[in-house]
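Participant:
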Amino acid sequence: ATPTICFQTLLDSKPDVVVFALCGFGLSRAASEISSSWNQKRIDQLSQVCNSRMFVVDGNFLINRSGPRVVESCEVLAEAIHPELQGHFGHFGSSFLTSLSQALQLPESPDLKVRPQAVEDARNVKDDEEIDSPLDDPR
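Numbering (the numbering used here), first residue to last: 31 to 169.
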């Protein structure tokens, strides 16, 4: 069973960031569940405590899955926790990660996932000439 805490305990912990990753739900459905479980007053209280740094992650596609998606889940969490990384891996604002306020405005729709493109980091980009192809003959 998943451990739970009461809302007041969450508030008292004064979190810097809150990331919601509801098992089995995409962004819009998770936001809908959060909204129906808590009233707007509670959402506003939590928002005030964490300076509006509340995010919704597609828990169905990422966080609650094992395997190769663990890497993408870490990228998503990095973008949520570190504001300077928002968009760096291409997840923020996509169907994988958004703010709670944005997720609450999304229409509920079937999830059709497409892996977003990461931001190109010039420090990690090599010229075509520098890349060794595994098919090149070393002789």
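Backbone N, C-alpha and C define an ideal beta-carbon position, used for all residues, glycine too.
Could you tell me whether the segment 105-121 touches the segment 46-60, where touching means 3 or more Cβ pairs closer than 8 Å?
Facilitator: Counting Cβ pairs under 8 Å, three or more are found: they touch.
Participant: Could you pull the start and end residues of the alpha helix (DSSP H) that Val100 belongs to?
Facilitator: Unbroken alpha helix (DSSP H) run through Val100: Arg99 to Ile111.
Participant: Anyone know if the C-beta pair for Leu136 and Leu57 falls short of 9 Å?
Facilitator: Yes, these two residues count as a Cβ contact at 9 Å.
Participant: How is the beta strand (DSSP E) around Val86 delimited, first residue to last?
Facilitator: Taken as a continuous stretch (DSSP letters only), the beta strand (DSSP E) holding Val86 covers Met84 to Val87.
Participant: Measure from the alpha carbon of His121 to the alpha carbon of each residue in Ala31, Glu138, Ser82 and Phe91, then state which is nearest.
Facilitator: Here the closest residue by C-alpha is Phe91.
Participant: With DSSP as the reference, label Thr39 as helix, strand or coil.
Facilitator: Residue state, collapsed to three classes: helix.
Participant: Along the chain, where does the alpha helix (DSSP H) containing Ser125 start, and where does it finish?
Facilitator: Where Ser125 is concerned, there is no enclosing alpha helix (DSSP H), given that its DSSP letter is neither H nor E.
Participant: What span of residues does the alpha helix (DSSP H) with Val79 cover, start to end?
Facilitator: Gln70 to Val79 is the span of the alpha helix (DSSP H), which, as asked, contains Val79.
Participant: Determine, using beta-carbon pairs with one atom in the segment 126-133 and one in the segment 80-90, whether at least three such pairs fall under 8 Å.
Facilitator: Touching, yes.
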